[in-house]
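The sequence shown begins at 1 in the UniProt record's numbering and counts up by one. Cβ coordinates follow ideal geometry from the N, Cα and C atoms, glycine included. For reference, the structure is listed below as structure tokens.
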Amino acid sequence: MIIIYSKELGRIQLLYICFALVGIIRDATCSDFLIVSSESGLHEFSLLNFKLRRDLYSDAQTFAVSSLFSKGFIFWVEESSKDYKIKRASYLPGTLVNQTDIVDHISSIGDIEVDWIHENLYWLDPGRSTIQVCKLDGSHIKTVCKDKALQMSDLALDPYERWMYLADSSEVPKILRIGMDGSKQQVLVRTGISAPRAITIDQIQRRIYWVDEKFHDIKSSKFDGSDVTVVINLKTDKNSSFGLAIVGSRIIWANYHSGYIQMINKTDHKHQSNPYQLGITNKPYGLEVFGQTAKGCNFCGINNGGCHYLCLPSPRLTLHYRSNKCECPDLNGQQCIAREVQGKTEEMTSCQRIRNSLTGNCLYPKCTTNGAFEALQCDFIDGVKTCWCSDLFGNIIPGTIMADSNIPDCYKGENLKNCLLSLVLFKREFRTQHEPVCTATGDFDEIQCNQQDCWCVDTNGEEHEGSRVARPETPPCKENYKIYLTAVSIAFFLCVACVILAFCIQRRQLKNPCTSPIREQAQISPEIQTHHYDEITDLDNFNSIDYVSHSLDDDAYETPRLANKNVLRRKHSDEDSLGYLKPHTYQNSIVHVVSHGNIGKINLDKDTSTLKRNKFGYAVPVKIHKKKTKHQNAKQSEKRNTVECAIPRN
1 MIIIYSKELG RIQLLYICFA LVGIIRDATC SDFLIVSSES GLHEFSLLNF
51 KLRRDLYSDA QTFAVSSLFS KGFIFWVEES SKDYKIKRAS YLPGTLVNQT
101 DIVDHISSIG DIEVDWIHEN LYWLDPGRST IQVCKLDGSH IKTVCKDKAL
151 QMSDLALDPY ERWMYLADSS EVPKILRIGM DGSKQQVLVR TGISAPRAIT
201 IDQIQRRIYW VDEKFHDIKS SKFDGSDVTV VINLKTDKNS SFGLAIVGSR
251 IIWANYHSGY IQMINKTDHK HQSNPYQLGI TNKPYGLEVF GQTAKGCNFC
301 GINNGGCHYL CLPSPRLTLH YRSNKCECPD LNGQQCIARE VQGKTEEMTS
351 CQRIRNSLTG NCLYPKCTTN GAFEALQCDF IDGVKTCWCS DLFGNIIPGT
401 IMADSNIPDC YKGENLKNCL LSLVLFKREF RTQHEPVCTA TGDFDEIQCN
451 QQDCWCVDTN GEEHEGSRVA RPETPPCKEN YKIYLTAVSI AFFLCVACVI
501 LAFCIQRRQL KNPCTSPIRE QAQISPEIQT HHYDEITDLD NFNSIDYVSH
551 SLDDDAYETP RLANKNVLRR KHSDEDSLGY LKPHTYQNSI VHVVSHGNIG
601 KINLDKDTST LKRNKFGYAV PVKIHKKKTK HQNAKQSEKR NTVECAIPRN
């Protein structure tokens, strides 16, 4: 104790200084202490050394416990004759006064939590699978969640962001969160969980902590369920934990069976303490830190938020000031209208009504003289001052959010891109004829539309002439055209490649008729390669021809046997509609005829009139080419490669 004299007050003051024990909890204050509920009542422990200070209440068996430091209230669940009830008392140093029953007929033991900002009391009733809420005096009880699929084991509140975090130990165990008004249920963690029991949150680091009774560990995740980590493994002590709390930089947990408390550093998960024995003979059930909490923005602070009965905070999903909901209590069939109070508030605009209902650590919305929201609005988001451009009704204009020291220019748009400025002007003054569509970077989207048409624009939002089309069609703008052009180019090159490939295959077959698909089974006969040509004078009645090969300018063309007739065919421009060789193209040509495995050559007359025709109307050779020397035959055969081939007779 230090005695000082104050000139301003003109009197002596006593200054009390509290010294924390080194190695215990450096973040605790003199006024903070730990409340433990047990079979024998409520007990007060020091947060400095975990020594029992006194028994606060010993009239009944107590279970879950919670508190509201700003009003000095302590709430707990105790057993009554047939069921359970919630009691409230005011804390004075060393004792509890004004004890009163505020809620009764709770079917089973559950957790209780106080919303210290909006001043409502929440509790679990696992027997009814419900989460309920009421005023601090127990009035206006409302069921905000009823889900028989959930086995609710513990509850934690985040009044800043207006969420309830719930540990579910059902057949499908999970960690989930629900809006404090009962809306927007979201599953956060569903893997690596078996039997979650105690749960708490850390407002500073924005993390969730829970104890898993079957995995025997303490896990943690971010508020959105990501980054799940194991804080500590408790397999050395497989007894269940009954409590979990965050005090400054430390995580505290307590054990139901052994009755001791331990703690660990929440940042690096190191410096685990030795167990501290609680020193009570009965089994403990609940754990609560009675201490100061940071004040937030209370949307129900003035005139109960404009609500007749319950004013419940809604979860913050968007940057909009309207974040409370008026609710009716459960009235057992009676009618209730959850409307705002009559009178002066009905004459206010939305901006004015919200501004006049806020208390606490708030950044109040700015209203124009006619009651609309001003263009520039700011608020504390996750502890950071955040500003954005608003429309006339308080809705955020996408893409204009800026944090820290950055503030958007919602009037001249000096630090906003062209599209965002056009969007602000449209939302507030309707200067443009349509609502511009902006990209994530704030630039104009290449396609803009109104209710009737769509068109292409440049980077300044100017329309491309001739690009406008009627909806629902969309114009092929720059980016879409690039995609289209790329697809067409790929298709074109594929077609060209296919044509070239087909030509090469055909050319190879023409060069080598032995490998033609028509005569896949053709074989070169050694007899043919050395045979002397026969003297054939007339082929008109020669019906046993198997194959005819026609050579023009040393390029080979062939045709298979057709109805046992000598029909010539080749692939070039001098052919009829059916692809057969025209008569005049036989001039100065050499025909190779294969019959009975033998091959002969015929030199056609230059005069096409001497050609004979078969019954199909096609020309047939009539004269035999003179025999050549073996040297000439070998040279020509080598030049034509494998043109002279035979098809074996069937």
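Cβ-Cβ separation, residue j to residue i (assumed contact under 8 Å), whole Å
i, j, result
"Tyr260", "Thr62", "Incorrect: roughly 19 Å between the Cβ atoms, too far for contact."
"Cys300", "His118", "5 Å"
"Ala64", "Ser37", "7 Å"
"Ile106", "Lys87", "Not a contact, Cβ separation roughly 11 Å."
"Trp210", "Ile175", "6 Å"
"Phe45", "Phe33", "6 Å"
Top-ranked residue by Cα proximity to residue i, from the options
i, options, result
"Gly41", "Val77, Ser226 and Leu47", "Val77"
"Leu188", "Asn98, Tyr160, Trp163 and Asp224", "Asp224"
"Glu429", "Ala375, Leu416 and Asp168", "Ala375"
"Thr191", "Thr229, Arg162, Ile204 and Arg207", "Thr229"
"Cys307", "Val289, Cys328, Glu288 and Asn415", "Cys328"
"Asp154", "Ile490, Asp83, Arg162 and Leu166", "Leu166"
"Ile246", "Gly72, Leu287 and Ala440", "Leu287"
"residue 655", "Gln506, Cys504, Glu39 and Cys419", "This structure cannot settle anything about residue 655, because the visible part of the chain is limited to 1 through 650."
"residue 655", "Lys283, Gly279, Gln292 and Leu234", "Residue coverage of the chain in this structure runs from 1 to 650, which leaves residue 655 outside it and unanswerable."
"Asn265", "Ile252, Tyr276, Ser258 and Asp83", "Ile252"
"Ser139", "Pro436, Met348 and Cys311", "Cys311"
"Ala254", "Lys222, Asp217 and Ser226", "Asp217"
"Val172", "Leu425, Met164, Asn460 and Pro196", "Pro196"
"Asn120", "Asp83, Met164, Asn418 and Lys85", "Met164"
"Gly110", "Arg162, Pro93 and Ile199", "Ile199"
"Ala149", "Ser314, Arg53, Gly279 and Gly127", "Gly127"
"Ile280", "Arg53, Phe33, Glu213 and Ser489", "Arg53"
"Asn395", "Leu48, Leu47, Cys419 and Val424", "Val424"
"residue 665", "Ala294, Ser489, Cys449 and Asn460", "Limits of the chain in this structure are 1 at one end and 650 at the other, which puts residue 665 out of reach."
"Thr267", "Pro275, Arg250 and Thr100", "Arg250"
Chain-order list of residues whose beta-carbon lies under 8 Å from that of residue i (same chain, five-residue window excluded)
i, result
"Ser467", "Trp455, Cys456, Pro475 and Cys477"
"Gln404", "A small fix is needed here, since residue 404 is Asp in this sequence, not Gln. Result list for Asp404: Val384 and Lys385, in chain order."
"Thr100", "Lys87, Arg88 and Ala89"
Interface flag, residue i vs chain C, CB-CB below 9 Å
i, result
"Lys325", "Absent here is chain C; the protein component of the structure consists of one chain."
Neighbourhood of residue i by C-beta, 6 Å cutoff - its chain only, sequence neighbours within 5 removed
i, result
"Tyr57", "Gly41, Leu42 and Leu96"
"His122", "For clarity, residue 122 is Tyr in the given sequence; the question names His instead. Excluding sequence neighbours, Tyr122 sits near Glu113 and Val133."
"residue 674", "The requested residue 674 is not part of the displayed model; the chain covers only 1 to 650."
"Lys427", "Asp391 and Ile397"
"Ile401", "Trp388"
"Tyr160", "Gly296"
Burial state of residue i (16 or more Cβ within 10 Å)
i, result
"Asp458", "exposed"
"Thr486", "exposed"
"Gly179", "buried"
"Ser67", "buried"
"Asn304", "buried"
"Ile74", "buried"
"Phe493", "exposed"
"Ser169", "buried"
"Glu414", "exposed"
"Leu244", "buried"
"Ala491", "exposed"
"Pro436", "buried"
"Cys351", "buried"
"Tyr309", "buried"
"Gln292", "exposed"
"Ser489", "exposed"
"Cys410", "buried"
"Ile204", "exposed"
Contact set for residue i: own chain, Cβ-Cβ below 7 Å, skip 5 residues either direction
i, result
"Arg355", "Tyr364, Pro365 and Cys367"
"Glu79", "Ala60 and Gln61"
"Glu340", "Below a pLDDT of 50, predicted positions are generally treated as unreliable, and Glu340, at 47, falls in that range; the measurement from the model is reported next regardless. Counting only Cβ-Cβ distances below 7 Å, and skipping sequence neighbours, we find Gly306, Cys307 and Cys326."
"Asp227", "Ser221"
"residue 651", "Past the edges of the chain, shown from 1 to 650, lies residue 651, and the structure says nothing about it."
"Ser70", "Trp116"
"Asn324", "Phe299, Cys300, Gly305, Cys311, Leu312, Pro313 and Ser314"
"Lys443", "Residue identity check: residue 443 is Asp in the sequence provided, not Lys. Lys417, Cys419 and Thr459."
Any non-hydrogen atom of the ligand NAD within 8 Å of residue i CB
i, result
"Glu79", "Ligands displayed in this structure: none; no statement on the ligand NAD is therefore possible."
In chain order, which beta strand (DSSP E) runs of at least 3 residues are fully inside the UniProt repeat "LDL-receptor class B" (119-161)? Within the UniProt repeat "LDL-receptor class B" (119-161), the complete beta strand (DSSP E) segments at least 3 residues long are 120-125, 130-135, 142-146 and 152-158, listed from N- to C-terminus.
Let me know the beta strand (DSSP E) ranges lying completely inside the segment 245-330, each 3 residues or longer, listed in chain order. Runs found: 250-255, 260-265, 284-290, 310-313 and 324-327.
What beta strand (DSSP E) runs, 3 residues minimum, are completely inside the segment 67-110? As far as the segment 67-110 is concerned, its whole beta strand (DSSP E) runs of at least 3 residues are 73-79, 84-92 and 95-106.
Would you mind listing the beta strand (DSSP E) stretches within the UniProt domain "Thyroglobulin type-1" (416-477) that are 3+ residues and don't spill past its ends, in chain order? For the UniProt domain "Thyroglobulin type-1" (416-477), whole beta strand (DSSP E) runs of length 3 or above, ordered along the chain, are 447-449 and 453-456.
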